[in-house]
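Numbering-wise (full-length UniProt numbering), the sequence shown opens with residue 9 and increments by one.
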Amino acid sequence: ADPLLAGVKPYPAEFAERYIAAGYWAERTLDQILRETAVRRAGHPAVIDRGRRVSYAELVNRIDVSQTALSACGIAQGERVIIHVPNVLEFFDAVYAVISIGAIPVFAVHSHRASELEHLANSSGAVLLLTSRQIPAADPQAIASQLASRLPGLRVMYAEDLYERGLHLACSGWDVPRQGCPRPAHAAAFLQLSGGTTGKPKLIPKTHRDYAYSFERSAQICALGDHTVYLSGIPLAHNFAASSPGYMGVFATGGTVVCALDGSAERVFELIAEHRVTMVAAVPPLAQAWLNSNVKHQYDLSSWKLLQVGGAKLARAVAVRVEQELGCTLQQVFGMAEGLVCYTRLDDDLETIASTQGKPMSDADEVLVLDAQGNPVPEGTPGNLWVRGPYTFRGYYNNPEANAASFTPDGFYGSGDIVVRDARGYLSVVGRTKDVINRGGEKVSPEQIEAVLLRHPAVHDASVIGVPDELLGERTHAYVVPREISPPPRAKTLRAWMRGEHIADHHIPDMITVVESLPTTHIGKISRNTLGSKAAELQGES
Ligand code: J2J
């Protein structure tokens with residue numbers, strides 16, 4: 009089978025040559041990087057998940073055995089496999105077994121339900137869903153049967169069964185491979201979901217060599233090493249927790265990953281104290297909850313050196329409290345699954361750390377800040393962010409329409425963020441042009457929620473906007489125009505109905521208001537912009 013995935017836009021040859029010559033790209037695959045560390049650090053704990061401590065040697069063995077289970081299922085190179093597993097040990101079995109076999113993980117977040125998974129399966133052409141029995145507040149059997157009726161071709165397996173099944177197969181004579189299948193490093197390694205995608209989910213292909221560069225460079229910036237004990241308060245499936253520097257950065261440098269099933273203050277503090285965690289990744293609402301927690305003094309947090317916060321804008325007023333109140337250094341991280349990641353540096357002055365979102369990780373990141381006409385804006389002036397570089401992708405998977413809208417002809421990706429760049433190259437995020445609601449780091453597409461509401465028989469029209477929220481930064485507010493029936497549907501009924509639609513919790517609006525009409529633009533389109541400012545006037549039942 010061709011290890012290079014059709015539908016993936018390659019880097020132009022001149023760029024590839026340049027990145028190789030400069031030493032950014034190497035000929036290694038993601039599983040190879042883990043295996044190399046495992047040789048050097050065989051007995052060192054790679055993953056700690058509750059009572060389970062798994063050394064690097066054991067982790068690699070689990071992956072090899074899990075690979076056998078996937079082969080027995082007939083999973084082959086280039087096929088797509090959805091990973092729907094929370095922050096538990098089996099997440100790594102699943103991800104690295106799929107990668108080792110040369111198949112392509114497609115990362116769902118574990119809050120996704122049948123509706124989101126169906127879209128993901130359709131747009132990726134996945135043949136297998138690896139889900140989990142450990143997803144908090146989910147009924148995996150129900151999800152599997154809802155999917156079975158809609159997508160009869162999609163097989164479903166539990167990540168928890170991979171290793172057991174593989175062991176069983178090995179006992180009955182199956183060969184357990186002790187390495188990954190050979191692939192070039194310019195092959196696609198996996199597909200990431202773009203934040204807040206509309207109708208057709210936008211999938212971001214990453215190659216082994218560009219991703220490896222991004223987490224190895226990130227590991228340098230964050231001073232990762234043998235001593236590192238890393239915990240993510242956010243899903244490991246998210247690009248931030250995977251590569252900035254994330255678990256892949258930890259595995260490249262021989263540290264330990266501690267699994268946290270959720271980001272609650274109690275759980276995270278307990279794990280930090282018990283395992284002497286040194287660095288933690290969070291979105292702003294989590295960081296805020298930890299700062300405001302009244303239990304933090306009950307735990308020994310002295311091992312904690314670094315708190316990374318990213319995914320959404322961290323308020324300066326919150327940022328300035330971190331060092332004093334949590335006893336660790338703050339690092340702001342502004343990144344995107346599509347590529348560019350900016351960090352404040354560990355030795356930056358406090359003002360820079362509190363008030364900027366950092367500077368690009370690589371000297372080879374080409375960042376443009378442009379006005380609406382495409383002209384560079386002066387330093388210190390807000391403009392649209394465009395980027396090109398050794399780990400910024402060149403196109404969405406199989407999606408020419410999205411690509412035409414997102415790239416300049418010479419390959420710069422427009423992130424939809426409005427930023428201000430200072431003389432040193434540090435960026436501050438001040439707004440956005442894209443139609444995405446950033447709900448505390450979780451990217452939500454208004455269109456996607458509207459589409460669900462419009463399926464309700466009593467809904468004539470719906471419009472969803474983001475409104476300011478103290479904790480989340482933004483929350484979702486749906487305005488719904490009922491059909492001319494009496495009595496009109498109530499907000500409460502609509503919400504209850506949405507819960508039954510098998511969608512992720514973050515796709516259920518935080519507020520629903522039933523109104524008589526929605527403001528329109530001069531050509532008659534619903535205007536989300538005016539809706540924001542008119543919201544107060546729109547009387548209705550919430
Ligand atoms: C303001 N907005 C931010 C920040 C992301 C590291 C960190 C984050 C992500 C991520 C990531 C922000 N301040 N500090 O992939 O590797 C908003 C921007 C951006 C979008 C990308 C990583 N950090 N954002 O959040 O693909 O609008 O990646 O374009 O989920 O989140 O979202 P996503």
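Even glycine gets a Cβ: it sits at the ideal position worked out from N, Cα and C.
Everything numeric in this text was worked out from a predicted model, so none of it was measured.
(message) In the DSSP assignment, the beta strand (DSSP E) including Lys451 goes from what residue to what residue?
(response) From DSSP, the beta strand (DSSP E) with Lys451 extends over 450-452.
(message) Just verifying my parser: in three-state terms, what is the DSSP assignment at Glu278?
(response) Annotated three-state conformation of Glu278 is helix, per DSSP.
(message) Just checking Asp357 against the ligand J2J - is the residue's beta carbon closer than 7 Å to any of the ligand's heavy atoms?
(response) In this structure, the C-beta of Asp357 stays at least 7 Å away from each heavy atom of the ligand J2J.
(request) Measuring alpha carbon to alpha carbon, tell me which of Phe415, Gly15, Leu334 ends up nearest Phe198. (result) Considering only alpha carbons, the answer is Gly15.
(message) Which complete beta strand (DSSP E) runs does the region 245-308 hold, if anything under 3 residues is left out?
(response) Entirely contained in the region 245-308, the beta strand (DSSP E) runs reaching 3 residues are, in chain order, 264-266, 287-290.
(request) Below 8 Å on the Cβ atoms is my guess for Met287 versus Leu38; work out the distance and round it to an integer in Å. (result) Actually they are not in contact, since the Cβ atoms of Met287 and Leu38 sit about 21 Å apart, beyond 8 Å.
(request) Output the boundary residues of the beta strand (DSSP E) element that contains Ile520. (result) First-last of the beta strand (DSSP E) with Ile520: 519-522.
(request) Tell whether a beta-carbon distance below 8 Å holds between Tyr19 and Ser222. (result) In this structure, Ser222 does not lie closer than 8 Å to Tyr19 by Cβ.
(message) Taking the straight line between their C-alpha atoms, what separation do you get for Arg43 and His194?
(response) Taking the straight line joining both Cα atoms gives about 19 Å.
(request) Compute every distance between the C-beta of Gln456 and the non-hydrogen atoms of the ligand J2J, then say whether any falls below 7 Å. (result) Distance from the C-beta of Gln456 to the nearest heavy atom of the ligand J2J is not below 7 Å.
(request) Would you list the one or two residues that DSSP bridges to Lys367? (result) Partner(s): Tyr351.
(request) Kindly list the residues whose CB is nearer than 8 Å to the CB of Val47, restricted to its own chain and excluding five residues on each side of it in sequence; keep chain order. (result) So the list is empty, once near-sequence residues are dropped.
(message) How far does the beta strand (DSSP E) with Asn406 in it extend, from its first residue to its last?
(response) In the DSSP assignment, Asn406 falls outside any beta strand (DSSP E), carrying neither H nor E.
(message) Please tell me whether, using a cut-off of 7 Å, the distance from the CB of Arg440 to the nearest non-hydrogen atom of the ligand J2J is below it.
(response) Yes, the ligand J2J has a heavy atom inside 7 Å of this Cβ.
(message) On the DSSP bridge list, what partners appear for Tyr219?
(response) Answer is none; Tyr219 lacks a bridge partner.
(request) Helix, strand or coil for Tyr166, going by three-state DSSP, please let me know. (result) Strand, per DSSP.
(request) Give the straight-line distance between the Cα atoms of Ile71 and Glu509, rounded to the nearest whole angstrom. (result) A straight-line Cα-Cα distance of about 35 Å links Ile71 and Glu509.
(request) Would you check if the distance between the CB atom of Ala268 and the CB atom of Arg275 is smaller than 8 Å? (result) Taking 8 Å as the cut-off, the Cβ atoms of Ala268 and Arg275 count as close.
(request) Could you tell me which residues DSSP pairs with Tyr421 in its beta bridges? (result) Tyr421 pairs with Val395, Phe415.
(request) Compare the beta carbon distance of Ala116 and Leu125 with 8 Å and say whether it is the shorter of the two. (result) Contact: yes.
(request) Sort Val106, Gly424, Val385 by Cα distance to Val73 and report the nearest one. (result) Put simply, of Val106, Gly424, Val385 the residue whose alpha carbon is nearest the alpha carbon of Val73 is Val106.
(request) Using three-state DSSP, classify Gly174 as helix, strand or coil. (result) Three-state DSSP puts Gly174 in a helix.
(message) Based on DSSP bridge pairs, tell me the residues matched to Met506.
(response) According to the DSSP secondary-structure assignment, Met506 is paired through a beta bridge with no residue.
(request) Please list, in chain order, all residues of the same chain as Pro527 whose beta carbon is under 7 Å from its beta carbon, the five residues on each side excluded. (result) Closer than 7 Å at Cβ, skipping near neighbours: Ser535, Thr538, Leu539, Lys542.
(message) Tell me the DSSP secondary structure of Gln200 in three-state form.
(response) Note: Gln200 maps to strand in three-state DSSP.
(message) Comparing C-alpha positions only, which one of Ile516, His464, Glu98 sits nearest to Val472?
(response) Looking at Ile516, His464, Glu98, the one whose alpha-carbon comes closest to that of Val472 is Ile516.
(request) With a 10 Å radius around its C-beta and 16 neighbouring C-beta atoms as the bar for buried, classify His305 as buried or exposed. (result) The residue in question, His305, is exposed, as its Cβ has fewer than 16 Cβ neighbours within 10 Å.
(request) Taking the CB atoms as reference points, tell me whether Lys367 and Leu435 lie closer together than 8 Å. (result) Against a cut-off of 8 Å, the Cβ pair of Leu435 and Lys367 comes out as a contact.
(request) Taking Ala152 and Thr139 to be in contact with their CB atoms under 8 Å, please state how far apart those CB atoms are, rounded to whole angstroms. (result) Between Thr139 and Ala152 the Cβ distance is about 7 Å, and since that is below 8 Å, they are a contact.
(message) Closest to Ala24 by C-alpha separation, out of Ala372, Asp356, Trp312, Glu87, would be which residue?
(response) Of the listed residues, the one whose Cα sits closest to Ala24 is Ala372.
(request) Determine contact between the region 453-468 and the region 294-310, defined as no fewer than three beta-carbon pairs at a distance below 8 Å. (result) The region 453-468 is not in contact with the region 294-310.
(message) If distances are taken between C-alpha atoms only, which option among Glu374, His235, Gln365, Gly347 comes closest to Trp312?
(response) Nearest option by C-alpha distance: His235.
(request) Determine, using beta carbons only, whether Leu42 comes closer than 8 Å to chain B. (result) Among the protein chains of the structure shown there is no chain B, as only one such chain exists.
(message) Checking the sheet assignment: what are the DSSP bridge partners for Leu211?
(response) Answer is Leu201, bridged to Leu211.
(request) Could you name each continuous beta strand (DSSP E) segment of 3 residues or more that falls completely within the region 33-57, going from the start of the chain to the end? (result) Here the runs fully enclosed are 53-57.
(request) Could you tell me the distance, in whole angstroms, from the CA atom of Asp418 to the CA atom of Val377? (result) For Asp418 and Val377, the gap between their C-alpha atoms comes out near 15 Å.
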